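UniProt numbering applies: residue 1 is where the sequence shown begins, and numbers increase by one.
Just below is one structure, and these are the notes that go with it.
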Amino acid sequence: MKYDCLIVDDELALAETTSEYFNMFEVNTTYVTTAEECERFFQEHDTSLILLDINLGNASGFELCKKLRQKTQIPILFISARSSDDDILIALNIGGDDYIQKPYTLSVLLAKVKAVLKRYGSGSSNGQAADILEFGPVRIDLALGRVSVNGVDTKLKKLEYKLLCYLAKNKNKVVTKEELFYNVWEDSITSDGTLNVHIRHLREKIEPDPNEPKYIRTVWGTGYVLEDGTR
1 MKYDCLIVDD
11 ELALAETTSE
21 YFNMFEVNTT
31 YVTTAEECER
41 FFQEHDTSLI
51 LLDINLGNAS
61 GFELCKKLRQ
71 KTQIPILFIS
81 ARSSDDDILI
91 ALNIGGDDYI
101 QKPYTLSVLL
111 AKVKAVLKRY
121 GSGSSNGQAA
131 DILEFGPVRI
141 DLALGRVSVN
151 GVDTKLKKLE
161 YKLLCYLAKN
171 KNKVVTKEEL
181 FYNVWEDSIT
191 SDGTLNVHIR
201 HLREKIEPDP
211 NEPKYIRTVW
221 GTGYVLEDGT
231 R
């Protein structure tokens, strides 16, 4: 199931109250109270945003954030009663998108969450199909920054992911090398060799046979085309 917001907080009463309040205003929300429950959550569910407490019983929200950032780039907003500058800097430097101090006002927190969901194009939730790109056995969840092949998560480096997304958004259309340099690397003088290496690595991760690519096809002298494999 896909949620708009996941609350990870060991204060059960606060997590329940916040979740109920968000759901009243059509932000589809659930909660867990431990780091272990959070990791299990992502085995079966998705979310567009996480509210993450720093103190999670015997676990640390900082460490959980680091683990999550290895798998997803969805917004993570820290919520904590800790107010030192060091805590705030750590939270933002390890991948947090904002830091909200407890006690918080539910209406203000809801407004922040809605603003982030709107900014990232994830609302509650009729437009979720636009967050998914698919071809052959490959599924790209744009909201989570997650790629799976035949249902198994596949870890891509940042530029590999960006390159795959760009090709998938232009499926069955020839994309020139210059277009990839400009839109993926944001650099018009990237070398052909750099592009070729990234294409090869992508093929190794998503193609049944990287030496005989079925999806990412070379258009000699021009660039590449990502096909759905039915041709």
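For glycine and all other residues, C-beta sits at the position ideal for the given N, C-alpha and C.
Small disclaimer: the values here were computed from a predicted structure and weren't measured.
Practice task
Starting from Arg82, follow the alpha helix (DSSP H) in both directions and report where the run begins and ends.
Solution key: Counting along the chain, Arg82 falls outside any alpha helix (DSSP H), and DSSP gives it neither H nor E.
Handout entry: Cβ-Cβ distance between Leu202 and Glu134 below 8 Å
Key = No, these two residues do not count as a Cβ contact at 8 Å.
Handout entry: CB-CB length for Tyr120 against Ser48, believed under 8 Å
Key = Contact between Tyr120 and Ser48 holds: CB atoms are separated by about 7 Å, below the 8 Å threshold.
Practice task
Tell me whether Val108 is buried or exposed, calling it buried when 16 or more other Cβ atoms sit within 10 Å of its Cβ.
Solution key: Under this definition Val108 is an exposed residue.
Handout entry: Lys112 beta carbon less than 8 Å from that of Asp46
Key = By the CB criterion at 8 Å, Asp46 and Lys112 fall outside the cutoff.
Exercise for the section: Could you tell me which residues DSSP puts in a beta bridge with Asp153? Expected result: In the DSSP output, where bridge partners are listed per residue, Asp153 has Ser148.
Practice task
Count the other CB atoms, across all protein chains shown, that sit within 10 Å of the CB of His198; report buried if there are 16 or more and exposed otherwise.
Solution key: Answer is buried; the Cβ neighbour count reaches 16.
Exercise for the section: Note down the Cα distance separating Ile54 from Tyr182, rounded to an integer number of angstroms. Expected result: Their Cα atoms are separated by approximately 39 Å.
Problem - Which of helix, strand or coil DSSP assigns to Asp192 - result: Shown here, Asp192 sits in a helix according to DSSP, grouped into three states.
Exercise for the section: Would you check if the stretch 137 to 156 and the stretch 26 to 40 touch, i.e. whether three or more CB-CB distances between them fall below 8 Å? Expected result: Not touching, per the Cβ criterion.
Practice task
Please state if the CB of Val32 and the CB of Phe41 are separated by a distance shorter than 8 Å.
Solution key: Yes, Cβ-Cβ distance for Phe41 and Val32 is below 8 Å.
Practice task
Would you mind reading off the limits of the beta strand (DSSP E) that contains Leu142?
Solution key: DSSP places Leu142 outside any beta strand (DSSP E), giving it a letter other than H or E.
Exercise for the section: Note down the Cα distance separating Val184 from Ala13, rounded to an integer number of angstroms. Expected result: So the two alpha carbons sit approximately 45 Å from each other.
Problem - Residue range of the alpha helix (DSSP H) that includes Gln101 - result: Taken as a continuous stretch (DSSP letters only), Gln101 belongs to no alpha helix (DSSP H), being part of the beta strand (DSSP E) at Asp98 to Gln101.
Problem - Exposure label - Pro75; buried when at least 16 CB within 10 Å - result: The C-beta of Pro75 has 16 or more other C-beta atoms within 10 Å across all chains shown, which makes the residue buried.
Practice task
Return the CA-CA distance between Val152 and Thr105, expressed in angstroms with no decimal places.
Solution key: When rounded, the distance between both Cα atoms is 40 Å.
Handout entry: Beta-carbon proximity of Lys177 to Leu195, cut-off 8 Å
Key = Yes. Within cutoff.
Problem - Cβ-based neighbour list, Gly127, same chain, cut-off 6 Å, excluding 5 preceding and 5 following - result: Only weak support is given to the placement of Gly127: the predicted model assigns it a pLDDT of 39, under 50, and the value that follows is read from those uncertain coordinates. Same-chain partners within the cutoff: there are none.
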